[in-house]
Each structure stands twice: as structure tokens, then as C-alpha cells.
Amino acid sequence: MKNSITKNQEFISKSEVENTLDKFGMNWKVEKKPLQFNHGIETFNTNFYGAVRLDNKDCFGAFSDQYEIFQNSELAELVLNVGDVIGKPITQGQIFKGGRRVVMQLELEPLKVGQDTIKRYATAINSHDGSTSLRWGTTGVTISCDNQFSAMKKSLESSARHTSNMRRLIDVSLRALENLEESDTSLYETFNKMANIEIDDSFAQKVIEKISGVDTKLSMAIAQDKYSTRKINICEKVTKSVAEEMSYKGKTLWGLFSGVTHYSTHKGGSENSRQESKLTGSLQRLDQSIFNQFSNIVAQKSTGLGGKVTADNGLGRVFV
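This note's numbering numbers the first residue of the sequence shown as -3 and each following residue consecutively.
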């Protein structure tokens, strides 16, 4: 990417920021308000402050005086300026849990994995409840099935997050995106290698069992007696997703991984929290965990181990 903001480059106008906030329902502010409590007829002050969304008075959490708020307008200004430098517009914006987390995305150049085209987004995330600091990541969306896979990085360095110098914050963000682009290159190289590594049914079942915690070799009657309804439902959903994805992507690590991301994108967790979980929660960690172990198999394959990946051979035993 190798971009930087020039000394004389103009920043995005306030009207562009306002329009972006209006477009994504983010045109509201958060302020710190002193927290008090009543005891009898007396009111006592505390050393804590509430982060309050001003338009609806929702209190997102309690914080010390040192807590610094990064407003939605600052996030929009940052992402718009970064997009201006790299020549990409903001294409998506989302709020989660009433605004406790906010997300904005810039669309990047797509990549190919096997026969699939992957749309890629640079994703900026911030929270008003202290659950995450400002950070950048990338999100890939497979066009054929809308499966998503997100790779979120550590927070931006503290000195950058807390600065009022937008130029410095933009430069730090651009460096973060350069690092993400390098990581993405390696990530998609691994995806393409996964598309050429065949697996058998026993290995697919092993992965399904890992995700669901259910022994797929048991009869339904025994499984229902041994496992909770929730676990059995997860097992059935993952099994269907894996079968669907492998039916047209082939019995490969990529087909199997696509089955996992199909489950986590369309069926995992609760519908209300699924999208947030895919970006920064348990579903993102599930995808990442499976990917990490499949990467180990790719690495083992490169050492000369041949044949299909099965549940019991040297390649399959890398997955634990």
C-alpha cells in the first residue's frame, strides 16, 4: 500500500463527516457524566463517570476520569481521510448493542481463492463501553455464499489513540493497514494452498466434532441421551454447512473451512449478536482457531507429507 498523508493535504470537510454519520445512524455524541448515588435524603459523588449517549441518555458504562472518548465523528473523520489517501470510499458502517461498538469499513481490492472471489474490507472498530480500543482489521466476504472471515489486529498504539492530532492518527492507521495488507497476502496464499489439499470424510467429521463437542459416530438416540439439545443443534447446523460448501468447492481444506465460516456467518450464535461476534467475538475466534490448525496442516504438507488429510494420518493428527 505504501501511502502517507502529505504535509499540505487537505482533511475531509465537516459536511462529509456529517453526511457519513447520518448515512450509518451514527450522528450522536458520547459524554462523560459524573456518577452519583443516593443514600436516604443525601446525594453522594463518586470518583467515576458514566459514558452517556446524549441523544437517548443510554449509559454505556462506568469509568475513571482518565477514560477518553473517541467520538463517532472522529472515527468517521479518520476513516474518510484514510480512504481518501488510499483512494477507497467508506462502503459500510454498523453499530452494535445500541452504539456500544461502532464499525466503519473501506472496500479493498478483491482476491481469488480457487474459483471463489473474496471481497475484502479494511475494518475500523471502536467502542464506547471499554470493550475494545480503536483498532483496524480486515474482513473477507466470499461473494458466492457471503461467508465472512475477519482478522482483527491489536489496538493502535496508545499515543496515537489519545492524540488530538488527526494527521498523526491517519499516519499510524496507514501503517497499520500496510501491515494488514502484508498479513492478508500471506493469509490468502494459505487459502489457495488449502484449496489444493484434499481431505476425506473422516477428517471433516473430526472438525465437526471439535466445533460441536458431539461424537458424530453415535446414533441419534444415544446422542440425544448424552448431549444437550443445543450441542446437537450445533452439530446438525455445522454438518449441513460443511456438506453444502464441500458439494461445490470440493473435499478440500478450503471447502471444509468454507463450511465452518458458512456456519459461523449464517447460523452460529444468536441472530442479534452474530455480526458483532463474527468481527470481534466468539465466532471470530472459532474461525481463527480452525484456520490456525488448518495452516499447520498446510505447513506440514509443504514438508513433503502426501496423500489426503484423514482423521488418523500424520496430517490429520496435526488437528487437535
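For every residue, glycine included, the Cβ atom is placed at its ideal position computed from N, Cα and C. Everything numeric in this text was worked out from a predicted model, so none of it was measured.
Using a Cβ distance threshold of 8 Å, Leu176 and Thr134 count as a contacting pair. Relative to Val305, the option among Cys231, Met242, Lys245 and Ile195 whose CA is nearest is Ile195. The DSSP-derived three-state label of His35 is strand. The segment 115 to 132 and the segment 69 to 89 touch, with three or more beta-carbon pairs separated by less than 8 Å. Collapsing the DSSP output to three states places Cys141 in coil. Beyond the five residues adjoining it in sequence on each side, Phe187 comes within less than 7 Å, by CB distance, of Val109 and Trp250 in the same chain, given in chain order.
Distances from the alpha-carbon of Phe7 to those of Ser260, Phe199 and Ala72 put Ala72 closest. Secondary structure note for Ser123: its beta strand (DSSP E) is the uninterrupted segment Asp112 to Ser123. Arg97: member of the beta strand (DSSP E) spanning Arg97 to Val109, first to last residue.
Taking 8 Å as the cut-off, the Cβ atoms of Leu252 and Val210 do not count as close. With a beta-carbon spacing of about 4 Å, Ser208 and Cys231 fall inside the 8 Å limit used to define contacts.
Remark: C-beta atoms of Thr248 and Met162 do not approach each other more closely than 8 Å. When DSSP states are grouped into helix, strand and coil, Lys233 belongs to the helix group. Every alpha helix (DSSP H) of 4 residues or more that sits fully in the segment 252 to 303 is shown, in chain order, as 270 to 276 and 278 to 298. Annotated as distal: Asp180 and Thr138, with beta-carbon spacing of 8 Å or more.
Exclusion of the five residues before and after Asn34 leaves Phe40 as the residues of its chain whose Cβ lies within less than 8 Å of its Cβ. The three-state reading of DSSP puts Ile193 in coil, since its state is none of H, G, I, E or B. In this chain, Thr87 is not harboured by any alpha helix (DSSP H); it is covered by the beta strand (DSSP E) spanning Ile86 to Phe92. When the beta-carbon positions are compared, Ile91 and Met22 come within less than 8 Å of each other. In the three-state DSSP reduction, Gly246 falls in the coil class, being neither helix nor strand. Gly95 and His124 do touch by the CB rule: their CB atoms are close to 6 Å apart, below 8 Å. Listed as beta-bridge partners of Asn41 by DSSP are Gln32. At a Cβ-Cβ threshold of 8 Å, Leu102 and Ile166 do not count as neighbours.
Straight through space, the alpha carbons of Gly57 and Gln296 are spaced by roughly 47 Å. Selection Glu38, Ser182, Lys28 and Tyr184 evaluated against Tyr63 yields Lys28 as nearest (Cα-Cα). If you look at Asp18, you'll find it in the alpha helix (DSSP H) that goes Lys10 to Lys19.
Non-local C-beta neighbours of Glu240 in its own chain, meaning closer than 8 Å and more than five positions away in sequence, comprise Gly255 and His258, ordered along the chain.
The three-state secondary structure of Ser169, taken from DSSP, is helix. The beta-carbon distance between Gly126 and Phe59, rounded to whole angstroms, is 6 Å. This is short enough to meet the 8 Å contact definition.
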